[in-house]
Every structure is written in C-alpha cells, then in structure tokens.
Amino acid sequence: MTRLGQTPYYRLAAPESLEDAQRRAAERRARLGAAAPAAPQADDGAARKALAEAQARAERLERKVVELEAALAARPPVADAAARMAATRHAAQLEAQLAAANALWAREKAADAAEIERLSGELAKARDVETSIAEAVTARVLVALAGMQGSAPPNRAAPGAPAEKPKFLWKNWGAR
708 MTRLGQTPYY
718 RLAAPESLED
728 AQRRAAERRA
738 RLGAAAPAAP
748 QADDGAARKA
758 LAEAQARAER
768 LERKVVELEA
778 ALAARPPVAD
788 AAARMAATRH
798 AAQLEAQLAA
808 ANALWAREKA
818 ADAAEIERLS
828 GELAKARDVE
838 TSIAEAVTAR
848 VLVALAGMQG
858 SAPPNRAAPG
868 APAEKPKFLW
878 KNWGAR
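Throughout, the working numbering is defined as the position within the sequence shown, counted from one, plus 707.
Take a look at the structure:
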C-alpha cells in the first residue's frame, strides 16, 4: 500500500493508472462536495470567504494527490526497505570491488613499466657488448689482412729465395 490514498502498488503500476487516479480524484471531489456544509444562507462575507479558501485548498490538495499518484505509477515499486538496503549494499560492494580492481591495475601497470625499463636497459647493455665484440673481431681481421698484404702467400717462396720442392701428393699420382 502507498502512503497516499492507501492505493495498492499494483493499481498504481497499471497502464491506465493515470486515468484511474483522475477517476478517483473525481470521486473524492464528489464525496467532499457531498460532505461539505451547505453555503451559508446569511450574507456573511467572512464565512463565504473561508468556505472558498477551504474549497480552493481542497482542490489544490486533490491535484497534488493525483500528481503524486501518477509519479508513483511511473516508478517501479520497491518491495520493501530491506530489499532497497540490500540493493544499496550490493551497489556499494560493486563500487568497492571496482576501486580495488582499478588500484590493482595501476600497481600492475607500474610494475610492468618498471620491468620494461629494466629489460630495455639489459637489452641496451647486451647490444653494446655485441657491438664491441663485433668491432674487436673486425679490427683483428683488418689487422691480419693488413699484415698479409705485405708478405708473400704461404705456399710461394719470396722473390730471390730458393724454390721449394713440391710435395708429393697422391691425388697427382694418376696424372703422370
């Protein structure tokens, strides 16, 4: 039951509830009109004025009741205060879980950024070592090539030196 007019929620939630509310308002006006005292017979201006104010106040209240009943009809009914509190608690728990998840995500993001920075540093060091090794090998090869350009090939005698006797090779045996 609602507080206004003791109307059950199921009647307020019906699609024709605005029309029902207006019909009930008309019925109430009729009841109030029937129960209202008859207009004063004497030419008492104060009494007529008081009656007019009372009727105007009753009409305003009646319009307000109709508006409030229509507003209640537009909202889905809440079963009871306990269900409303449970829904509020559940919403608060979900908000707390969301905040905790966001905090965890921020911590993991910071940890990932630190790990990426550390690995980038290690990669840069490894590339520096690789580059220095490649440069050292290249330098040794260049030194060796430079040293070989000034000397004769290893199987040829230097000019003016006695010729070396060729060695016997089995592979050349069949060629003779």
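Glycine included, each C-beta is placed from N, C-alpha and C at the ideal position.
The structure presented is a predicted model; accordingly, all values stated were derived computationally and were not measured.
D787 carries a coil assignment under DSSP once its states are collapsed to helix, strand and coil. Each residue's CA atom was taken as its position, placing M792 and D727 some 31 Å apart. Secondary structure note for R764: its alpha helix (DSSP H) is the uninterrupted segment G752 to A781. Taking the Cα positions, R834 is about 26 Å away from A817. Taking all protein chains shown into account, L779 has 16 or more neighbouring C-beta atoms within 10 Å of its C-beta and is therefore buried.
Rounded to whole angstroms, the gap between the alpha carbons of H797 and A759 is 52 Å.
Counting of Cβ neighbours within 10 angstroms places V773 among the buried residues, the total reaching 16 or more.
One thing to note: L739 has its Cβ within 8 Å of the Cβ of A765. Taken atom to atom, the span from the alpha-carbon of E837 to that of A807 is near 44 Å.
By the CB criterion at 8 Å, R730 and E769 fall outside the cutoff.
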